[in-house]
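Quick note on numbering: the UniProt record's numbering labels position 334 of the first sequence as 334, and the sequence is numbered without any gaps.
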Amino acid sequence: MIPNKIPYLTLQVHGVSSEHQRRRRRRRRRREPMNKSNSKRRAAEQHLLSLLDTCDSIPKLHQAQAHLLKLGLHSNPLVLTKFTSTSSSLSSLSSSLSLLFSPFSSPHLYDSFLFNTLIRSLAHSSFNLLAISYFSLMLRRRLLPNKFTFPFLLKAIAAAPSPHLLGPQAHAAAIKFTFADDLFVRNTLIHMYSCCSGGFHSARKVFDGMPKTNVVSWSAMIGGYVRSGLSNEAVALFREMQVSGVRPDEVTVVAVLSACADLGALELGHWIKSFVERERIPKTLPLCNALLDALAKCGDIDGALKVFVEMPERSIVSWTSVIDGLAMHGRGREAVAVFEEMRTAGIVPDDVAFIGVLSACSHAGMVDDGRHYFASMKSEFGIEPKIQHCGCMVDLFSRAGMVEQAMEFVQSMPMRPNPVIWRTLISACRVHGKFELGESITRNLLKDEPMHGSNYVLLSNVYALSRRWEKKSEIRKVMSKQGIKKVPGCSLLEFNGEIHEFIAGDELHSKYRDVFDMVEEMGRKLKLAGYVPVLSEVLLDIDEEDKEDALHQHSEKLAIAFALLKTAPRTTIRIVKNLRVCADCHLATKFISKVYDRDIVVRDRNRFHHFKDGLCSCRDFW
DNA sequence: CTAGGGTTAG
């Protein structure tokens, strides 16, 4: 049983019940029959059902519960089912559980119907694991599950921490009870499997085995690909869906938009926006939120703001997405203004909103504002800062060059620093010349994460900047001996409705022959304009000339060269990168924007860089 | 009484 979260409810139940018990004892003494006459009982039942129909608050629910007990309807399945669904819509599950499983109810009267309602309510609650317990209780009571039971059960399992443990068992149960061919059950199976890590294969197996699909099957599969980090596959499946003639609805579009946000595919984002208009897909709140988020993450922050302004209603998610979007683009002042506007609109910020506003302060170098907001979390809003908030603060100080303050902050944090925090500090040490500190932090970090390639890259960069070349080549040796690989840099570029992928050092691909020639030519032109390669960015222990070649193979340079070759003069080039942009590429891109007269928008791991006329919007803080 | 969907440090 879940703990009763509302103490006075317990009192109420007990008070009313003991009154009821007294009556029952009196009845027993007078040898009266337990059941009232049928018509009276039906009247009481009707009365309670209509009472529950008008329940729109928890106090009213408690009143109804008192009536229910007074009228002796605590074992009436119809009333209990209604009570369960009403209390779950008011998120007061403890009410229905304490009623259903109180010592005064008669569980032997419960039917599958009631259990389904209960399992559904639990599946939608934060106690979703209890749905599984009540499913097994149902079986132990020899009640047969029906085709309605499995969608609820599978949904509860999908939301559990390790769905792969119970998911296949539930699938087997669905087969055993002959409901695994049901369209609803199969659609929920797709969802459940795609919630297991690496489960998209099983999800796809279910999907491919379906003789009949509908829009829900496709949306579940597309959403499953997005959840598994396979956004390209999600978009491909969306196109296949259109070919197959199944009409996408607002849920499908939301899933595709999150793939779009992940890929940073602006053309696709704009296409979906017009698709929604053209097909008159209802612009629900989640759809507008997904659209606004996708446009911001694809680089069209002003388009995102336009969506936000035009929204008929906004939730805290809408506000947070705008704040995050502005933060990512380095527009910290505006992000803070939107945060304040949100408060004026009467919305109380939550912990996610604070992550947005803190990261906005950090990306825009607004140290005092960041300090203020961090302090206000607890003092004004009673929100305990989480590690993400502390991470923002460490980043805030680090970017501003206040490495000591960052270090002090880490030492005074209420929780243990994680590797993300350490890596933030190490980057700060490198940028602001604190080599000894950077080295000692990295050595400690390597003890915790000896197989994490990016830690070695960080340490190597620290050594390179302090010109300790022997130390640097030592790292290289350790890495190759242990078989530790650095994550390859990868840049995406949308061209002619397709996503082109460029991977660092991918020189063996003959189809990019002209791209490599272009990179060489770019290098020559940039040098004439005054560009000097930042050789310290090269991890390899090789001579200077080879280092320059290595830099030429960085994925964003390949992508930019491709774009310069293929796209019309002066059109904006948009690139999405998986890692933080390196110092050399950052410098080179500034030069390219001037020499080739192109606006270049790069989304890296952390934020957007808008390059124009030889300058970058991040003002070289990133 | 059925299914699929929106924001989260670097």
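A virtual CB, placed ideally from N, CA and C, is assigned to each residue, including glycine.
Residue environment, residue i, which counts as buried when at least 16 other CB atoms sit within 10 Å
{"i": "T571", "result": "exposed"}
{"i": "S228", "result": "buried"}
{"i": "N444", "result": "exposed"}
{"i": "S480", "result": "exposed"}
{"i": "V322", "result": "buried"}
{"i": "A170", "result": "buried"}
{"i": "N214", "result": "exposed"}
{"i": "P33", "result": "Interpretation of P33 is limited by its pLDDT of 48, a score under 50 that renders its predicted location unreliable; the figure taken from the coordinates is listed afterwards. P33 comes out exposed."}
{"i": "M221", "result": "buried"}
{"i": "V487", "result": "exposed"}
{"i": "E279", "result": "exposed"}
{"i": "W469", "result": "exposed"}
{"i": "V348", "result": "exposed"}
{"i": "Q21", "result": "Only weak support exists for where Q21 lies, its pLDDT of 43 falling under 50; the value from the coordinates is given anyway. With fewer than 16 Cβ atoms within 10 Å of its Cβ, Q21 is classed as exposed."}
{"i": "N289", "result": "buried"}
{"i": "K212", "result": "exposed"}
{"i": "S95", "result": "buried"}
{"i": "K557", "result": "buried"}
{"i": "K472", "result": "buried"}
{"i": "T424", "result": "buried"}
Distance, residue j Cα to residue i Cα
{"i": "P77", "j": "F127", "result": "23 Å"}
{"i": "E45", "j": "H67", "result": "11 Å"}
{"i": "D597", "j": "V538", "result": "28 Å"}
{"i": "H166", "j": "E408", "result": "The sequence shown places Leu at residue 166, rather than the His named in the question. Rounded to whole angstroms, L166 to E408 spans 45 Å at the Cα level."}
{"i": "A406", "j": "G391", "result": "10 Å"}
{"i": "S318", "j": "N606", "result": "21 Å"}
{"i": "P450", "j": "G483", "result": "11 Å"}
{"i": "D293", "j": "A172", "result": "39 Å"}
{"i": "L253", "j": "D302", "result": "For clarity, residue 253 is Val in the given sequence; the question names Leu instead. Their Cα atoms are separated by approximately 21 Å."}
{"i": "V534", "j": "R574", "result": "23 Å"}
{"i": "V602", "j": "L458", "result": "22 Å"}
{"i": "F238", "j": "V206", "result": "17 Å"}
{"i": "R247", "j": "R416", "result": "49 Å"}
{"i": "Q553", "j": "N455", "result": "21 Å"}
{"i": "A180", "j": "F152", "result": "14 Å"}
{"i": "N187", "j": "S217", "result": "5 Å"}
{"i": "P59", "j": "C429", "result": "57 Å"}
{"i": "L291", "j": "A259", "result": "11 Å"}
{"i": "R619", "j": "G453", "result": "28 Å"}
{"i": "R28", "j": "E380", "result": "Reliability fails at R28, whose pLDDT of 45 lies under 50, so the model's placement of it is uncertain and the value that follows must be treated cautiously. Rounded to whole angstroms, R28 to E380 spans 58 Å at the Cα level."}
{"i": "F435", "j": "T442", "result": "10 Å"}
{"i": "H389", "j": "M377", "result": "10 Å"}
{"i": "L189", "j": "G198", "result": "14 Å"}
CB of residue i within 8 Å of CB of residue j, strictly
{"i": "E474", "j": "C490", "result": "no"}
{"i": "L61", "j": "L90", "result": "yes"}
{"i": "V581", "j": "D604", "result": "yes"}
{"i": "D584", "j": "L551", "result": "yes"}
{"i": "C616", "j": "K590", "result": "yes"}
{"i": "K87", "j": "S125", "result": "It is worth fixing the name first, because residue 87 is Ser in this sequence and not Lys. Their beta carbons are not under 8 Å apart, which means S87 does not touch S125 by this criterion."}
{"i": "L122", "j": "L130", "result": "yes"}
{"i": "V256", "j": "I281", "result": "no"}
{"i": "A360", "j": "V336", "result": "yes"}
{"i": "S219", "j": "V251", "result": "yes"}
{"i": "I499", "j": "L326", "result": "no"}
{"i": "L528", "j": "I592", "result": "no"}
{"i": "M192", "j": "A158", "result": "yes"}
{"i": "S75", "j": "S39", "result": "no"}
{"i": "L48", "j": "L71", "result": "yes"}
{"i": "I119", "j": "F135", "result": "yes"}
{"i": "Q63", "j": "L99", "result": "no"}
{"i": "F608", "j": "M328", "result": "yes"}
Within the segment 359-398, note down every full alpha helix (DSSP H) run reaching 4 residues or more, in order along the chain.
Whole alpha helix (DSSP H) segments, 4+ residues: 367-381.
Please confirm if the segment 397-415 is in contact with the segment 361-368, defined as three or more CB-CB distances below 8 Å between the two stretches.
These segments touch.
Within the chosen definition, does the segment 493-503 reach the segment 450-464 through at least 3 CB pairs nearer than 8 Å?
Judged by Cβ distances under 8 Å, the segment 493-503 makes no contact with the segment 450-464, as fewer than three pairs qualify.
Along the chain, which unbroken stretches of the beta strand (DSSP E) at least 3 residues long are found entirely within the segment 530-611?
For the beta strand (DSSP E) assignment, the uninterrupted runs of no fewer than 3 residues enclosed by the segment 530-611 are, from N- to C-terminal side, 573-577, 600-603.
Continuous alpha helix (DSSP H) assignments of at least 4 residues falling wholly in the segment 50-87
Taking only runs of at least 4 residues, the alpha helix (DSSP H) segments lying wholly in the segment 50-87 are 58-70.
contact_flag[the segment 146-162, the segment 106-116] where n(CB pairs < 8 Å) is 3 or more
Taking one beta carbon from each stretch, the segment 146-162 and the segment 106-116 have 3 or more pairs nearer than 8 Å; the two touch.
Sufficient close CB pairs (3 or more, under 8 Å) joining the segment 302-313 to the segment 341-360
With the cut-off at 8 Å, the segment 302-313 and the segment 341-360 do not touch.
So within the segment 193-248, which uninterrupted alpha helix (DSSP H) runs reach at least 4 residues, ignoring any that extend past its ends?
Positions of the alpha helix (DSSP H) runs, each at least 4 residues long and wholly inside the segment 193-248, are given as 200-208, 215-227, 231-244 in order along the chain.
Curious, which full-length beta strand (DSSP E) runs of at least 3 residues does the segment 458-516 contain?
Uninterrupted beta strand (DSSP E) stretches at least 3 residues long and entirely within the segment 458-516 occur at 490-495, 498-503, given in chain order.
Could you name each continuous alpha helix (DSSP H) segment of 4 residues or more that falls completely within the UniProt repeat "PPR" (284-314), going from the start of the chain to the end?
If one requires a minimum length of 4 residues, the alpha helix (DSSP H) runs lying completely within the UniProt repeat "PPR" (284-314) are 285-297, 301-310, in chain order.
Residue ranges of each alpha helix (DSSP H) within the segment 89-126, 4 or longer
Fully enclosed alpha helix (DSSP H) runs of 4 or longer: 93-100, 112-124.
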